[in-house]
Structure formats: C-alpha cells, structure tokens
Amino acid sequence: MGEPRLDSLFRLSFVVLAVLAGLQSTTMKTRAFFVVTHLIFVCGSIAVAQNSREFAREWTEEHVTRIDPSRVRHENLKKYLTDLRGEGLSVAEVGRSIAGREIFQIQFGRGPMRVFLWSQMHGDEPTATSALIDLFSYLQRHRQSAWVSILEEKLTLRAVPMLNPDGAELFQRRNLQSIDINRDARLLSTPEGRLLKKLRDDWAPHLGFNLHNQSTRTSVGDTGRQATISLLAVPFDQFGNDSAGRILAKRVSAVICEALAPFIYGQIARYEDSFNPRAFGDSISQSGTPVVLIETGGWHGRSEMDLVKLNFVALAATLRSLTDGSIAQANPAVYDALRYNSTGNIFDLVVRNATLVSRGAKDAPGPLTFRGDLGINFERAGPGGGTLGRDQVADVGDLSIFSGLENVDGAGYLVTVASGPIRNGADATLLFYRQSQAREIDWNTADLEARYPPDAVLRQGQWSGKAIPPRQ
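Going by my numbering, the first residue of the sequence shown is number 15, and it counts up by one from there.
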C-alpha cells in the first residue's frame, strides 16, 4: 500500500491559517496554530511512525555505544572505530587536529547519491558522535535486510565523527586556537575547518548533515516547551530563497519531524535561519550541497543515551526515505510550520509563590522579606549530564510567564540562600523554612543553617530535609 498524499491537506491547512490570521484575539490565533499544526503532524506521521518506533526498538536492543556522549573522548572514539573496522566498515584517517589527534571518516554504501555527515565540530556538543557510530554499525549488521541492501546500492554515506577532537578532549566549544570552527568557513584558519572544506569540495555530496547540540534551556517559541530537537534547512543566500536543494533539506526536516513526533511531539523547533557566510553549513549550502542542521537540546528527565536514540531514529528514518523514494512525498510545509527556537523562557528550576528573605544586601536596613519567585539554573556536563558547577540564581521576582523544567511550590515557606543576599548570579543553595515554625529565626545570624536547621535544603541539585516542598 502506497503512502498517502497529503498536499491537499497541507494547502487547506495553510489557507485556514491565513484566514485566522485576521482574527484579533491572540489566544484564538495560538489555538488555531496548534490545531492545524497538530493535524499536519498527525497525518504526516502516518507513513513513518511505525518505522521510527521500530528503529527506536532496534537501537535499544543493538546500540554499540555504551558511554554517555559527554564522557566520550578521542581514545573512546578510536575504540568505537576499531570495532567498526572489525565489523567490516571502511574507516580511514583523513586529517589531524592541532594537537595531532587523528580525524576519521567512516564510509558505507556504493550508490550514486552521496550523503555527508559530520559531528562535534564544537567539542562540547557530543550527542551525534555516538549516534553516528550506532548508525553505521546498524547498517553494516543489517546489510541483508531489504531496505539496507537497496540503500547500499543507491547511496554512499560518509561521516566524520568528532571533527574537533581537541575541543572534545577539553569538553569545550572551540579548538586549541580558541577559534569556533563553525565560524571559520571563509578564513579557514583552522586545520579542522580546512579539512571539512576539502572533504566537501573533493566529493561534492548531494546532501549534508551538520550535527550539533544546543542549550537544554532552549524552548519551542513561547510555548514553554523544551526544544529537544531543532532543525534548519540551511539557507544558501541572505534572502532565504528556496532552491531544489533547499526544498530537499526541508523535505528531510519534515521526515525527521514525523519520525520523532511519537517521542517528542511539541518539542521540535526550527533553528534561527539568518544567513551566516562564516558558518560552514551556510557556506556548504552555497557551494551546492544542501545541508540539514540538527541541534539536540534537552529532554527533561531522560538520559543522554535517550538523546542518542533520537538522533539515530532521525538519521535512519531519513536514509530510509531517501532509499525508498518516499522523500519526494514529504511536505516542506511541515518544516515551514515549525516554531522558531527561543531562549530565556525556561529555567532549570522555578520556586514559585515563596516568601523570600534576602540577607546582607548592601545599604539595606536589614533582612528584606518579600513575595516572589526564584529562577535557578544548573551548570551541566552535557545534555542530560550531571551537575558540574554551582547552582545559580538566574532571576528573582514575578516569573509567572516563564517555565521551569522543574517547579516547586514555595507557598507557606520562607526561602533564603545559604550565604549573602538573594540576587542574580548568587550561589543557589536554598534553605526552606516553614512559615509556621520560622517566627523565632534571627535572620542576621551568620551561621543560619547550623543554628536554625532548615525544613528543606536544595544543594547542588539535590534535596534533603524533613519537609521538602511539593514539586512538579
């Protein structure tokens, strides 16, 4: 049975949106947007949902990466690649970093359509590196399955995992020259950037994938939902025009949206799309290879490996659509309907409705007591990783329009920080005192926590105490 054609549905949906755009009520417009985009996603996902669930199941049973991506260093990568060679895959050194670390390329297939993928040009953005290892291992071990056998005849895949091994070793964005490789597409000051350009120019792939991570506090527009995956059909000029290549990139993005909708519906966004001639995705698109950017964000309550699985499913679903030709039926309107990324709308934790006690503020006559919310952010090792640095107060006051990945109801509590005044940037070790039992506290006491043990404490992301406030 062939896949359903949805062009009429999409045209009708956008006509409806155009009509509703004339409505005065913002609330009605927002509801209309969600109704129509929900219709697009649900109907568009019919053809790929079964495949994506199957890919997710197979990844769970068969994935070969076992280390959280944020802990994978160059030596770990080399061990993974040695195993891929043992499975029969072509793995070759294609260059070196400034520190002399090898940069590798994996190849699979022998078909005329050339697909090029690269990951971790930012050293602290590691999710897709593990996903590429799992993807190529999966393809090699499933060569006898019908669709992979056809893929091998139709496509040739090349991937560079960990383009920036020096940055990965230090878990930092930039290379050892302190240059952002993804802003080196014109000057080509970095050996890693020169290598990427050479690999692209020598091979002239028909499609590219630029694989990154973004902040876990990125949201889908103003919805307050975490943007777990953001996509960009990378523009090839400053006007954002469409070409056959960019439409292909939009179709690929639509396939990815539909493949991931069963897992993270409502958590897929569109990356900011202004043309940047210094960026490699834009430069490569301008050179004739359409590029799809995949930015992996956070997935609250899930592990780093769950994010690897999403990347694997997205890439496997795309390759299958290129293999069986269903990519031609993917509608670019799915991509066009995505809301843009937004930052500044999400905190890791919000304490709401508390009575705050700020101690030791300069020029204050004494402790300041007032109603308010606290927005707290954590420093993390990577998406889903553990806390590295101190918790910090990110905002104070009325935070009712913002979302928290976790929310705490502070009603009935007096809340202060362990040391100093409550202010942006303060260490966010939070002390909670029930109001009914806090009347005798001397807030001027230097050793407050020791002299007056709190009912609950939040320290380095961990709760303790006999009366921890309710969380959502």
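Glycine included, every Cβ here is placed at the ideal spot set by N, Cα and C.
| task | For the alpha helix (DSSP H) holding Q300, just list the boundary residues, first then last. | result | Numbered from 1 along the sequence shown, position 286 holds the residue referred to as residue 300. In the DSSP assignment, Q300 falls within the unbroken alpha helix (DSSP H) covering F294 to Q300.
| task | Would you identify the three-state DSSP class for V471, choosing helix, strand or coil? | result | For the purposes of this step, residue 471 is taken as residue 457 along the sequence shown, with counting starting at 1. V471: strand per DSSP, three-state reduction.
| Just the Cα atoms here: how many angstroms apart are Q6 and D461? | Any question about residue 6 goes unanswered here, given that the chain covers just 15 to 486.
| task | Using three-state DSSP, classify I360 as helix, strand or coil. | result | Here the question's residue 360 lines up with position 346 in the sequence shown. In this structure, I360 counts as strand in the three-state DSSP scheme.
| request: Measure the CB-CB distance between L221 and V129 and report whether it falls below 8 Å. | output: Position 207 of the sequence shown holds residue 221. Position 115 of the sequence shown holds residue 129. Against a cut-off of 8 Å, the Cβ pair of V129 and L221 comes out as a contact.
| query | Straight-line CA distance for T170 to G439? | reply | If you number the sequence shown from 1, residue 170 lands on position 156. If you number the sequence shown from 1, residue 439 lands on position 425. In a straight line, the C-alpha of T170 is about 50 Å away from that of G439.
| request: Give the straight-line distance between the Cα atoms of E272 and F223, rounded to the nearest whole angstrom. | output: Translated into positions along the sequence shown, residue 272 becomes position 258. Translated into positions along the sequence shown, residue 223 becomes position 209. Annotation: E272 to F223 spans about 18 Å, alpha carbon to alpha carbon.
| request: Within its chain, find whatever has a CB closer than 7 Å to the CB of I482; leave out the 5 residues flanking it on each side and keep chain order. | output: If you number the sequence shown from 1, residue 482 lands on position 468. So the qualifying residues of the chain are A470.
| query | Since W477 is in the beta strand (DSSP E), which residue starts that stretch and which ends it? | reply | On the sequence shown, position 463 is the one that residue 477 refers to. Element bounds for W477: Q476 to G479.
| said: Check for me: the alpha helix (DSSP H) holding V266 runs from which residue to which? | reply: Sequence index remark: in the sequence shown, residue 266 carries index 252 (1-based). V266 -> alpha helix (DSSP H) spans A258 to I278.
| query | Between V560 and S340, what straight-line distance do the alpha-carbon atoms span, to the nearest angstrom? | reply | Any answer about residue 560 is impossible in this case: the structure gives the chain only from 15 up to 486.
| query | Assuming S297 contacts A199 under a Cβ cut-off of 8 Å, what Cβ separation, rounded to an integer in Å, is found between them? | reply | Indexing the sequence shown from 1 puts residue 297 at position 283. Indexing the sequence shown from 1 puts residue 199 at position 185. Confirmed, about 4 Å.
| Distance, A160 Cα to I282 Cα | By one-based count along the sequence shown, residue 282 stands at place 268. By one-based count along the sequence shown, residue 160 stands at place 146. Rounded to whole angstroms, I282 to A160 spans 30 Å at the Cα level.
| Residue ranges of each alpha helix (DSSP H) within the segment 296-359, 4 or longer | Segments of the alpha helix (DSSP H) lying fully in the segment 296-359: 318-338 and 346-350.
| field | contact_flag[the segment 314-325, the segment 246-260] where n(CB pairs < 8 Å) is 3 or more | value | Fewer than three pairs of CB atoms, one per stretch, sit closer than 8 Å, so the segment 314-325 makes no contact with the segment 246-260.
| message | When you compare the segment 233-250 with the segment 300-310, are there three or more beta-carbon pairs, one atom per stretch, that lie closer than 8 Å? | response | Because the criterion of three Cβ pairs below 8 Å is met, the segment 233-250 and the segment 300-310 touch.
| request: Could you tell me the distance, in whole angstroms, from the CA atom of P291 to the CA atom of L202? | output: Position 277 of the sequence shown, counting from 1, holds the residue named residue 291. Position 188 of the sequence shown, counting from 1, holds the residue named residue 202. As the crow flies, the alpha-carbon of P291 is around 12 Å from that of L202.
| request: Starting from Y152, trace the alpha helix (DSSP H) both ways and give me its first and last residue. | output: Working through the sequence shown from its first residue, we reach residue 152 at position 138. Looking at the DSSP string, the run of the alpha helix (DSSP H) that includes Y152 is T141 to R155.
| task | For K323, count neighbouring Cβ atoms within 10 angstroms of its own Cβ and tell me buried if that reaches 16, exposed if not. | result | By 1-based counting over the sequence shown, the position of residue 323 is 309. Per the 10 Å Cβ criterion, buried.
| request: Could you tell me whether the segment 161-168 touches the segment 107-115, using the rule of 3 or more Cβ pairs below 8 Å? | output: Inter-segment contact for the segment 161-168 and the segment 107-115 is absent: fewer than three beta-carbon pairs are separated by less than 8 Å.
| Classification of P126 by the beta-carbon crowding that lies within 10 angstroms, buried from 16 upward | Reading the sequence shown from its first residue, position 112 is the one you call residue 126. With fewer than 16 Cβ atoms within 10 Å of its Cβ, P126 is classed as exposed.
| said: Tell me the DSSP secondary structure of T430 in three-state form. | reply: In the sequence shown, residue 430 corresponds to position 416, counting from 1. In this structure, T430 counts as strand in the three-state DSSP scheme.
| query | How would you call D387, buried or exposed, if buried means at least 16 neighbouring beta carbons within 10 angstroms? | reply | For the purposes of this step, residue 387 is identified with residue 373 of the sequence shown, where counting begins at 1. It counts as buried.
| task | In the DSSP assignment, find the beta strand (DSSP E) that holds A283 and state where it starts and stops. | result | Taking the sequence shown and counting its residues from 1, the one referred to as residue 283 is at position 269. For A283, the enclosing beta strand (DSSP E) starts and ends at I282 to R284.
| query | Using the beta-carbon count (16 or more within 10 Å), is E75 buried or exposed? | reply | Numbered from its first residue, the sequence shown carries residue 75 at position 61. The residue in question, E75, is exposed, as its Cβ has fewer than 16 Cβ neighbours within 10 Å.
| field | Length at least 3, wholly inside the segment 164-212: the beta strand (DSSP E) runs in chain order | value | Complete beta strand (DSSP E) runs here, min 3: 169-174.
| field | 8 Å Cβ cutoff met for P140 and A182 | value | What you label residue 140 is simply residue 126 of the sequence shown in a count that begins at 1. What you label residue 182 is simply residue 168 of the sequence shown in a count that begins at 1. Against a cut-off of 8 Å, the Cβ pair of A182 and P140 comes out as a contact.
| Which two residues bound the contiguous alpha helix (DSSP H) that contains G100? | As a working mapping, residue 100 is identified with position 86 in the sequence shown. Membership of G100 in the alpha helix (DSSP H) is indicated by the continuous run H88 to E101.
| task | Evaluate the contact criterion for the segment 231-247 versus the segment 351-368: three or more CB pairs, one atom per stretch, below 8 Å. | result | Yes, the segment 231-247 touches the segment 351-368.
| Closest by CA to Q186, which one among F277, L413, V86 and D216? | Sequence index remark: in the sequence shown, residue 186 carries index 172 (1-based). Per the Cα distances, V86.
| query | So, helix, strand or coil for H69, using DSSP? | reply | Position 55 of the sequence shown, counted from the start, is the residue given in the question as residue 69. Note that residue 69 corresponds to Phe in the displayed sequence, not to His. Reduced to three states, the DSSP call for F69 is helix.
| query | Is the CB-CB distance between V371 and T430 below 8 Å? | reply | Locating residue 371 in the sequence shown gives position 357, counting from the first residue. Locating residue 430 in the sequence shown gives position 416, counting from the first residue. Contact annotation: V371 and T430 have beta-carbon atoms nearer than 8 Å.
| query | Which partner residues does A106 have in the DSSP bridge list? | reply | Here the question's residue 106 lines up with position 92 in the sequence shown. Under DSSP, the beta-bridge partners assigned to A106 are Q119.
| request: Could you say which of E393, L382 and D216 lies nearest to P435 if we only look at CA atoms? | output: For the purposes of this step, residue 435 is taken as the residue at position 421 of the sequence shown. Cα-wise, what sits closest to P435 is L382.
| query | Between which two residues does the alpha helix (DSSP H) harbouring R465 extend? | reply | As a first step, residue 465 must be located in the sequence shown, where it is residue number 451. Element bounds for R465: L462 to R465.
| said: Can you look up E393 in the DSSP assignment and give me helix, strand or coil? | reply: On the sequence shown, residue 393 is found 379 positions in, with the first residue counted as 1. Reduced to three states, the DSSP call for E393 is coil.
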